Amino acid sequence: VNPTAYTNTMANMQTLWVRVDDTATGCFKITTLDLIVNALPVLVQPSPLELCDSTAPLGDGLEPFTLEDADAEILNGQTGISVTYYETQGDADAQTNPISSPYTNIVNPQTIYVRAENDVTGCYSTITLDLRVNPLPTPASPDPLEVCDDDNDGFGAFDLESRTIEIINGELDVVVTYHDTQSNADLGIAALVSPYTNIMANTQTVIARVENTLTGCFNTVALDLIVQPSPDVPLSID
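Count along the sequence shown from 1, add 144, and you get the number used in this note's numbering.
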C-alpha cells in the first residue's frame with residue numbers, strides 16, 4: 145500500500161515479488177527483491193580512560209590519551225568492526241572530524257563519542273567514552289631526619305616513618321614508601337624498611353613515594369638523612 149515506507153514482516157531477510165507491467169501491451173514479468181536487515185554492532189559501555197596529571201605543565205588536567213585502549217572493552221570480542229572517535233555525537237553520526245591518538249583532552253573530565261562500524265554492511269552504533277585526568281598527590285617537603293653518631297663512623301639507624309605524617313600533610317587516601325633511588329621510587333619497588341642504616345656516610349638523600357590508593361597516581365619528595373657527629377672527648381681526664 146505504501147511502497148515508500150514498508151516495514152518488513154519477516155525478521156532479518158524477506159523476499160518480495162515484483163511485477164513489472166508494460167502499460168501499452170499489458171505484458172508483464174515478475175522478479176524478486178530481497179529485503180535484508182543487518183544487525184548493528186553491539187557495544188559495551190567502557191570504563192573511563194584515566195591518566196595521572198604527570199606531564200608539564202603539572203596541574204592543568206590535560207594529558208595525551210591512547211583512545212584505542214578502550215577498543216577491546218567496547219567490542220567485547222567482536223571482529224570486522226572499525227572503531228573511530230569524535231568530540232561530538234553529530235560528528236560520530238556524520239563520520240566527520242575524527243580524532244586520533246595521542247589525543248589531549250580539552251576539558252577534565254571529558255566525554256567523547258565512539259563510532260563502531262561493521263566493515264561489510266556499513267551499519268554502525270555509537271557509545272560514549274569518558275576521559276579523566278587524576279591529580280597527583282601533593283606531599284610536603286619534610287625537614288631533614290637527623291641521628292647522633294655514637295661512634296663517629298658516619299652511619300646511623302633512621303626511623304623513616306617518623307616523617308610520614310609531615311610528608312602526607314593531612315592529605316587523604318595516600319600511602320608513603322621510602323626508596324634509595326629516584327628510579328626505585330618511580331617504579332614503586334625495593335621499599336626501605338625502618339630502622340634504615342644509611343649507605344652513604346654522614347649524609348644521604350632518600351626518596352619518599354606518596355601514592356594515592358584510589359587512583360594509583362603518585363608524587364615523590366626528597367628526605368635528607370644526616371648523621372651528626374658526637375663530641376670527641378678523652379677517655380680520661382687529668
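Every residue, glycine too, gets a C-beta built ideally from N, C-alpha and C. Keep in mind that this is a model prediction, so the values were computed, not measured.
- Excluding residues up to 5 positions away in sequence, Val181 lie with their Cβ nearer than 8 angstroms to the Cβ of Ala155 in the same chain.
- In this structure, Pro246 and Thr228 do not form a Cβ contact; the two beta carbons are roughly 15 angstroms apart against a cut-off of 8 angstroms.
- When DSSP states are grouped into helix, strand and coil, Leu331 belongs to the helix group.
- By the 16-neighbour rule on beta-carbons within 10 angstroms, Arg163 is exposed.
- Between Pro185 and Asn262, the C-beta gap is smaller than 8 angstroms, which places the two residues in contact.
- Close CB contacts of Ala168 within its chain, under the 8 angstroms cut and outside five residues either way in sequence, are absent.
- Counting along the chain, Gln222 sits inside no alpha helix (DSSP H), nor does DSSP assign it H or E at all.
- DSSP lists Ile370 as the bridge partner or partners of Glu290.
- By the Cβ rule, the region 251-262 does not count as touching the region 338-350, because fewer than three pairs are nearer than 8 angstroms.
- In this structure, the alpha-carbon of Val277 lies about 26 angstroms from that of Thr308.
- When secondary structure is reduced to three states using DSSP, Ser306 falls in the helix class.
- Distances from the CA of Thr357 to each of Ile333, Val320, Thr349, Pro375 were compared; the closest alpha carbon is that of Val320.
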